[in-house]
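Heads up: the sequence shown runs through residues 441 to 719, numbered per our numbering.
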Amino acid sequence: GARYLYLKLFFRYLENIEINQLDQVTPKNIIEYQEKLHQQKNKRTQENLSKENIYNQLRNIQSYFGYALEIELLKINPASSFKFYTPREQAQRIIFTQNQIQELYKNTQNEQEKAILNIAYGCGLRVGEMVKLNKKDLKLHQNRLIVESGKNNKRRLVPMSKQIVKEVKDYLKNQENQHYTANKEHFFSNIEGNRMQKWSFNLILKKLIDKTNFGKRFTRQELNKIGMHTLRHSIATHLLENGMKLEQVQTFLGHSNVETTEVYTHISTKQLKILEDDT
């Protein structure tokens, strides 16, 4: 019933944009269809389609293309790289507000803690990218850093603010003075001089959260969901809240498709609502 109807609507849309063969469908068409669904109204109630409905339609289209690939109607599945989140999954993401980020910065006790926030939040790096980051990847005279091999081995350039560049220089100078971190190559080293690992980063973040006022309001369950990725999710949301275009945020984060970045537009509106309720 519904599944057949969803496909019928999608094919009608393809006809309207003059696509008559399955192998002509591109990922861009699917994104545009998703945007169309977000703007569509329910004929009966005149309200926007529910997120649940949009999710079901997109997943249905995705599984149809998966099936078409299996039975060799298609050589490439245009919907394979998309992640469609249920509204429930979206709501589970925890994001720090811009004020909470400032509070985290205020509670840093040394250059290293500040550098961790600057790279994870200010530059939006994934924790795996932070582990691999080398000193030579920071082009401070150009106000940027290079992520040599991000997800799917993609290389990207990340802009750095003047403030972050200044603080990173302080951190590097401070590292030179501390003889125990004698590693010339790694950007983040532990006491033994080895690369700092994911769990160490998370531990430092948790200790910072413990020192803040807002940290005391998190439930144990919420605290378990918070990690370095929360800082990356937060910068994505804040950039969108501050008016940066979706495609620019996509480039900044190194997302392969805008679909992944789009999740933050939903979080962002939810976040703004919470902020309005708080004030």
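Glycine included, every Cβ here is placed at the ideal spot set by N, Cα and C. Fair warning: this is a prediction, and the values are worked out from it, not measured in the lab.
Item                                                                                                                                                       : Value
Would you list, in sequence order, the uninterrupted beta strand (DSSP E) runs of no fewer than 3 residues that lie entirely inside the region 528 to 593? : 584 to 587
Which two residues bound the contiguous beta strand (DSSP E) that contains L597?                                                                           : 596 to 599
Give the straight-line distance between the Cα atoms of A519 and K546, rounded to the nearest whole angstrom.                                              : 44 Å
Taking only the alpha-carbon atoms, compute the straight-line gap between I501 and F450 and give it to the nearest angstrom.                               : 8 Å
Can you tell which of Q480, S521, E662 has its C-alpha closest to the C-alpha of N697?                                                                     : S521
Under the three-state reduction of DSSP, which class applies to K481: helix, strand or coil?                                                               : strand
With DSSP collapsed to three states, give me the class of H626.                                                                                            : strand
Please classify N488: does DSSP put it in a helix, a strand, or coil?                                                                                      : strand
Are G564 and L693 closer than 8 Å when you measure CB to CB?                                                                                               : yes
Is the separation between the beta-carbon of R566 and that of K594 shorter than 8 Å?                                                                       : no
Is it right to say I516 is buried, meaning 16 or more other beta carbons lie within 10 angstroms of its own, or is it exposed?                             : exposed
For R635, which residues does DSSP report across the bridge?                                                                                               : S629
Measure the alpha-carbon distance for S601 versus R533 and round it to whole angstroms.                                                                    : 26 Å
Less than 8 Å separating the beta-carbons of I535 and H673?                                                                                                : yes
Can you tell me whether N644 is helix, strand or coil according to DSSP?                                                                                   : In the sequence under discussion, the amino acid at residue 644 is Ile, which differs from the Asn named in the question. I644: helix per DSSP, three-state reduction.
Rounded C-beta distance between Y611 and Q552? I'm assuming under 8 Å.                                                                                     : 6 Å
Buried or exposed for N653, please, with buried defined as at least 16 other CB atoms from any protein chain shown within 10 angstroms of its CB.          : exposed
Whole angstroms are fine: how far does the CA of L544 sit from the CA of S589?                                                                             : 28 Å
When DSSP labels each residue in this structure, what does A676 get in the three-state scheme?                                                             : helix
Compute the Euclidean distance between the alpha carbons of Y504 and K468, then round it to the nearest angstrom.                                          : 17 Å
What does the alpha-carbon distance come out to for the pair T670 and V608?                                                                                : 21 Å
Can you give me the Cβ contacts of K606 inside the same chain, cut-off strictly under 6 Å, excluding the 5 residues immediately before and after it?       : none
For I457, count the other beta carbons within 10 Å of its own beta carbon; 16 or more makes it buried, fewer makes it exposed. Which is it?                : exposed
Report all residues from its chain with a CB closer than 6 Å to the CB of L679; omit the five preceding and five following residues, and keep chain order. : V689
Looking only at its own chain, which residues have a Cβ that is under 7 Å from the Cβ of R452, when we skip the five neighbours before and after it?       : none
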